[in-house]
Amino acid sequence: MLKIDGIAASAGVAIAAAFRLEHPDFTVKRRDASDPAAELARLDEALAKSQQELEAIKERTLQELGEKKAEIFESHLLILNDPELLDPVREKISSEKVNAEYALDETANQFIAMFENMKSAYLQERAADMRDVTKRVLTHLLGLTYVNPAEIDREVIVIAEDLTPSDTAQLNRKYVKGFTTNIGGRTSHSAIMARSLEIPAVVGTKEVLGKVNNGDLVIVDGLDGLVIINPSDDVVKEYTQKRDDYLKQIEEWKKLREVATTSKDGVHVELAANIGTPNDVAGVLDNGGEAVGLYRTEFLYMGRTELPSEEVQFNAYKTVLEKMEGKPVVVRTLDIGGDKELPYLNLPKEMNPFLGFRAIRLCLEQKDLFRTQLRALLRASVYGTLRIMFPMIATLDEFRAAKAVLQEEKEKLTAEGVKVADDIQLGIMVEIPSTAVMADQFAKEVDFFSIGTNDLIQYTMAADRMNERVSYLYQPYNPAILRLVKMVIDAAHKEGKWAGMCGEMAGDKVAIPLLLGLGLDEFSMSATSILPARSQISKLSKAEMEALAAKALQMRTAEEVVELVGGIGE
Numbered sequence: 001m002l003k004i005d006g007i008a009a010s011a012g013v014a015i016a017a018a019f020r021l022e023h024p025d026f027t028v029k030r031r032d033a034s035d036p037a038a039e040l041a042r043l044d045e046a047l048a049k050s051q052q053e054l055e056a057i058k059e060r061t062l063q064e065l066g067e068k069k070a071e072i073f074e075s076h077l078l079i080l081n082d083p084e085l086l087d088p089v090r091e092k093i094s095s096e097k098v099n100a101e102y103a104l105d106e107t108a109n110q111f112i113a114m115f116e117n118m119k120s121a122y123l124q125e126r127a128a129d130m131r132d133v134t135k136r137v138l139t140h141l142l143g144l145t146y147v148n149p150a151e152i153d154r155e156v157i158v159i160a161e162d163l164t165p166s167d168t169a170q171l172n173r174k175y176v177k178g179f180t181t182n183i184g185g186r187t188s189h190s191a192i193m194a195r196s197l198e199i200p201a202v203v204g205t206k207e208v209l210g211k212v213n214n215g216d217l218v219i220v221d222g223l224d225g226l227v228i229i230n231p232s233d234d235v236v237k238e239y240t241q242k243r244d245d246y247l248k249q250i251e252e253w254k255k256l257r258e259v260a261t262t263s264k265d266g267v268h269v270e271l272a273a274n275i276g277t278p279n280d281v282a283g284v285l286d287n288g289g290e291a292v293g294l295y296r297t298e299f300l301y302m303g304r305t306e307l308p309s310e311e312v313q314f315n316a317y318k319t320v321l322e323k324m325e326g327k328p329v330v331v332r333t334l335d336i337g338g339d340k341e342l343p344y345l346n347l348p349k350e351m352n353p354f355l356g357f358r359a360i361r362l363c364l365e366q367k368d369l370f371r372t373q374l375r376a377l378l379r380a381s382v383y384g385t386l387r388i389m390f391p392m393i394a395t396l397d398e399f400r401a402a403k404a405v406l407q408e409e410k411e412k413l414t415a416e417g418v419k420v421a422d423d424i425q426l427g428i429m430v431e432i433p434s435t436a437v438m439a440d441q442f443a444k445e446v447d448f449f450s451i452g453t454n455d456l457i458q459y460t461m462a463a464d465r466m467n468e469r470v471s472y473l474y475q476p477y478n479p480a481i482l483r484l485v486k487m488v489i490d491a492a493h494k495e496g497k498w499a500g501m502c503g504e505m506a507g508d509k510v511a512i513p514l515l516l517g518l519g520l521d522e523f524s525m526s527a528t529s530i531l532p533a534r535s536q537i538s539k540l541s542k543a544e545m546e547a548l549a550a551k552a553l554q555m556r557t558a559e560e561v562v563e564l565v566g567g568i569g570e
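Position one of the sequence shown corresponds to residue 1 (UniProt numbering), numbered consecutively onward.
See the structure below:
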């Protein structure tokens with residue numbers, strides 16, 4: 001039995017066999033092929049193997065998940081046998097005398113781009129199917145071993161170096177009971193997605209991938225940040241009970257789904273959720289979310305070979321707004337950079353990407369990219385209550401420039417006869433210390449603030465939140481951070497505006513009493529944190545928390561603040 005400490009990233013306890021998820025390299029290079037007939041034979045063999053796999057997966061899915069889910073793989077089989085795709089591939093191999101994988105990749109990418117730019121949502125979805133089928137065939141052509149996370153068909157704990165956002169989004173909760181990774185922190189994207197999917201996770205273990213073999217029995221304790229490999233029967237029994245106790249607690253929290261978020265002395269605050277895809281809305285509503293406080297639109301841009309079209313984006317935003325049925329949705333414009341890259345943009349490598357050409361800085365320079373997103377948002381605005389938020393704003397000039405581009409696109413759409421909502425609130429993420437310090441000036445021009453503590457903390461403390469060696473400096477409760485938060489909230493209230501928080505700190509049980517006392521209006525967090533937070537807030541007096549927060553602001557260290565808060569409201 002081996003115990004490995006890590007970072008508790010998503011609450012819960014999972015016990016299952018290990019499944020090592022390691023990514024192959026799908027990079028395709030052009031090679032001259034002197035024997036086109038041999039390349040055509042290789043293609044046919046890869047297609048035949050893919051056909052066998054898809055038929056088996058379809059049959060299994062039909063038996064276990066029903067006809068509707070099996071239709072996905074029926075569509076994959078149709079693509080695999082579609083002469084519209086295969087004939088150009090074979091023609092390319094024969095006429096240009098190139099290798100089969102290059103011909104397939106080039107041709108498929110042309111179809112994917114075409115589908116993504118069509119107005120029909122159905123045809124846009126075919127792009128994702130085409131991409132999956134292409135990867136399957138390439139796996140055989142390149143001699144790779146790869147199981148798509150979506151195809152895991154037994155109860156497992158996924159073990160990986162790290163999980164990409166697209167990996168995490170594909171995890172089937174029926175079979176993937178938890179995951180653990182070598183790298184990452186509580187605010188890494190895989191951790192955030194795990195909380196959205198309600199999958200227990202422990203990240204930042206440094207060594208788990210090298211210590212676990214496929215099939216080993218693994219316990220992931222996402223409550224205390226512990227991974228146990230090949231536990232004894234007694235330990236399995238102990239953690240089975242811990243898991244059952246936590247599931248009972250969840251059932252108690254579910255009774256609060258339809259209850260307003262109100263403190264013990266009758267003060268209401270809004271509990272919202274952070275999401276990454278339209279599919280996440282179900283979790284928001286199931287957990288009693290009163291709004292979407294942060295829609296991370298960058299996931300629309302990831303896992304592609306080119307930028308998503310206006311229609312792709314419009315349909316995604318429209319879907320979220322419609323599903324929320326009038327409840328507010330705060331959409332953050334593209335926030336690429338730092339630890340989130342888009343290879344197809346071909347941006348230069350930077351010494352310090354977190355402080356570099358990212359988010360609003362990128363959008364204001366590459367305005368065509370920005371305008372496409374803003375048009376899609378404006379068109380979708382009539383389907384719900386839309387609020388638009390600009391990330392990484394450092395100066396008033398940046399906010400004004402972004403607002404001007406938005407206004408230009410709104411005027412163009414109106415001139416085209418396209419309806420646009422006239423009540424869209426426009427706000428900014430406060431994640432740069434200079435913006436927090438100047439919040440009193442920003443508050444005169446914005447409609448709201450949303451404090452992005454994930455970055456605000458690392459910028460204030462000069463400590464990369466992804467670097468385990470300086471993780472001790474990632475201190476949400478440091479009085480310096482609390483003072484910045486207070487400055488932002490006070491500045492908003494002075495101008496009659498509201499202030500929210502969309503960083504992970506908003507759902508932290510130690511931070512919640514302090515934030516309530518500081519006057520935060522909206523707490524946006526992972527959907528699974530909403531009901532525990534609602535339960536905690538119902539036990540807190542706003543007046544008493546104001547006194548607590550005033551004391552915390554005078555403390556000297558984060559440790560003193562944690563000691564002051566204790567277990568209030570838990």
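Here a beta-carbon is modelled for each residue, glycine too, at the ideal position from N, C-alpha and C.
query	result
Residue(s) in a DSSP beta bridge with M501	I451, F523
Contact the segment 321 to 330 vs the segment 281 to 301: 3+ CB pairs below 8 Å	yes
Proximal residues to L374 (C-beta, below 7 Å), its chain only, five neighbours per side dropped	V405, L406, E409
Span of the alpha helix (DSSP H), counted from its first residue to its last, around N109	100 to 116
8 Å Cβ cutoff met for residue 581 and A499	Coverage of the chain is limited to positions 1 through 570, which leaves residue 581 absent and any answer about it impossible.
Bridge partner(s) assigned by DSSP for K3	I228
Per-residue DSSP class, three states only, for R465	coil
Boundaries of the beta strand (DSSP E) in which R296 is found, first to last residue	292 to 296
Local Cβ density within 10 Å of R332, reported as buried at 16 or more and exposed below that	buried
Three-pair Cβ contact test at 8 Å for the segment 89 to 104 versus the segment 39 to 46	yes
Three-state secondary structure assigned by DSSP to F357	coil
Own chain residues within Cβ distance below 7 Å of P308, not counting five before or after	E116, L300, Y301
Assigned secondary structure, I424 (DSSP; H/G/I helix, E/B strand, else coil)	coil
Start and end residues, alpha helix (DSSP H) containing K202	The sequence given here has Val at residue 202, not Lys. V202 -> not in any alpha helix (DSSP H); beta strand (DSSP E) instead, spanning 201 to 203.
R31, enclosing alpha helix (DSSP H) - first and last residue	Element bounds for R31: n/a, residue is neither H nor E.
C-alpha distance - E365 paired with D244, whole-angstrom precision	52 Å
F299, DSSP secondary structure in three states	helix
Burial state of N478, where buried means 16 or more other Cβ atoms lie within 10 Å	buried
Selection from T305, P328, I336, T277 that minimises the alpha carbon distance to Q313	T277
Length of the line joining the Cα atoms of D224 and S10	10 Å
Per-residue burial, P343 [other beta carbons within 10 Å of its own, 16 or more giving buried]	exposed
The alpha helix (DSSP H) enclosing I93, as first and last residue numbers	83 to 96
M505 beta carbon less than 8 Å from that of P532	no
Under 8 Å between C-beta atoms of G517 and T453	no
Contacting residues, own chain, Cβ-Cβ under 8 Å from L2 (five flanking each side not counted)	K211, I228, I229, N230
Endpoints, beta strand (DSSP E) assigned at K177	176 to 181
Nearest neighbour of G496, chosen from A511, S541, E445, Y472 [CA to CA]	E445
Touch test, the segment 146 to 165 against the segment 13 to 21, Cβ-Cβ under 8 Å, three pairs minimum	yes
Assigned secondary structure, R387 (DSSP; H/G/I helix, E/B strand, else coil)	strand
Euclidean distance between Cα positions of T180 and I424	40 Å
For A394, three-class secondary structure by DSSP	coil
Beta carbon proximity, K237 to chain B, threshold 8 Å	Although the question refers to chain B, the structure presented lacks it and comprises just one protein chain.
E207 and I183 closer than 8 Å at C-beta	no
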